[in-house]
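**Q** Handing you a structure now.
Numbering (my numbering), first residue to last: 163 to 461.
In structure tokens:
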């Protein structure tokens, strides 16, 4: 929970800001893959990126920040120290588990969700693994994090996820199994879609303007979500070797990071006011991904 200086004027100001935000219905949402791998490889620049990331995130003025690949304990500890006065969290994001001698990673599949509005609940659902799953997937423990946010009298569902990586048919099949599992879980949560729902994260699927993806189609057609950005151009690529030095030249320029929206069942409506690629400092990128930020109004 955010901690502010204990003075009446500060408490009054923060409460006034909070009420104004609620009444306006405005919400600034961002998804960002931090590239916080548990082991540093040559050229990954962990120290530079990790120490600067919290300040860069604050500059986005996001109300909700969904992070992926926050595996590294140093990154998570720094983010919690620097952001806890401005954002609520629910789960113990400092939780570590050992994967190798002297190597630790997180307990939530690399996911963190931070909110400037109070968080009422949060549950992590790991994706199923089996004997055919790679050691990387078994170790990473990917899944999805469902966080419920209090927005005045409304409750907002936030689903933060990171799907299987790889640009080949088997990888797409695994992603399809993952997203179908998510869909099944959500369908068994009573009254889940009576709230506005935001599904966001690193989906590792191409946008239709780049290449067809059955996973993308399933999210839109079967799960009933709307992509915030139905048509894209070169400035919308979140994986872009031409503008991000951490992306290999062999990687296809594409959009892998998304914000999907779904209104509640009581004729709720979500207006998209603005959206753009975020955290995209081309000289000193913070990750091998750029983020995706969407400004919405809840009606």
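A virtual CB, placed ideally from N, CA and C, is assigned to each residue, including glycine.
1) I'd like the list of long-range same chain contacts for residue 438, defined as Cβ closer than 7 Å, with 5 residues on each side in sequence excluded.
2) On a CA-only basis, which of 333, 401, 220 and 273 is nearest residue 247? Give me that one, please.
3) Could you tell me if residue 174 is buried or exposed, where buried requires 16 or more neighbouring beta carbons within 10 angstroms of its beta carbon?
4) According to DSSP, is residue 305 part of a helix, a strand, or is it coil?
5) How is residue 440 classed by DSSP in three states: helix, strand or coil?
6) How many whole angstroms separate the CB atoms of residue 362 and residue 253, which I take to be in contact at a CB cut-off of 8 Å?
7) Please determine, among 426, 458 and 414, the residue with the shortest C-alpha to C-alpha distance to residue 435.
8) Quick check on the DSSP output: what are the complete beta strand (DSSP E) runs of length 3 or more inside the segment 241 to 276, in order along the chain?
9) Going by CA-CA distance only, name the one from 324, 292 and 201 that's closest to residue 262.
10) Do you know offhand how far residue 104's Cα is from residue 258's?
11) Using three-state DSSP, classify residue 362 as helix, strand or coil.
12) Going by alpha carbons, who is nearest to residue 260 out of 432, 303, 354 and 370?
13) Enumerate in chain order the residues of its own chain whose CB-to-CB distance from residue 285 is below 8 Å, with the five nearest sequence positions on each side excluded.
14) Heavy atom of the ligand MG less than 6 Å from the Cβ of residue 380, yes or no?
15) Hey, would you say residue 283 sits closer than 7 Å to residue 310, going by beta carbons?
16) One question on the structure: do residue 368 and residue 416 come within less than 7 Å of each other, judged by their Cβ atoms?
17) Go ahead and pull the three-state DSSP assignment for residue 331.
18) What separation, rounded to the nearest whole angstrom, lies between the Cα atoms of residue 360 and residue 344?
19) Going by C-alpha distance, which of 178, 211 and 180 is nearest residue 451?
20) Which residues share a DSSP beta bridge with residue 454?
21) Grab the span of the beta strand (DSSP E) containing residue 140 for me, first residue to last.
22) Grouping DSSP H, G and I as helix and E and B as strand, with all else coil, what is residue 387?
23) For residue 266, tell me which candidate among 301, 290 and 229 has the shortest Cα-Cα distance.
24) Which partner residues of residue 221 appear in the DSSP bridge assignment?
25) Could you tell me whether the segment 221 to 229 touches the segment 181 to 200, using the rule of 3 or more Cβ pairs below 8 Å?
26) Using the C-alpha atoms, what's the distance from residue 298 back to residue 209?
**A** Considering the structure as presented:
1) For residue 438, where only same-chain residues beyond five positions count, the Cβ hits under 7 Å are 455.
2) 220
3) exposed
4) strand
5) strand
6) Going by Cβ atoms, the distance from residue 362 to residue 253 rounds to 17 Å, so no, they are not a contact pair.
7) Answer by Cα proximity: 458.
8) 259 to 262 and 265 to 267
9) 201
10) Since the first and last residues shown for the chain are 163 and 461, residue 104 lies out of range.
11) strand
12) 303
13) 307 and 308
14) The ligand MG is not part of this structure, which contains no ligands at all.
15) Taking 7 Å as the Cβ cut-off, residue 283 and residue 310 qualify as a contacting pair.
16) yes
17) helix
18) 14 Å
19) 211
20) 193 and 439
21) Summary: the structure shown does not reach residue 140, with the chain confined to residues 163 through 461, and so no result is reported for it.
22) coil
23) 301
24) In DSSP, residue 221 forms no bridge with anything.
25) In short, these stretches touch, since the Cβ pair count reaches three.
26) 23 Å
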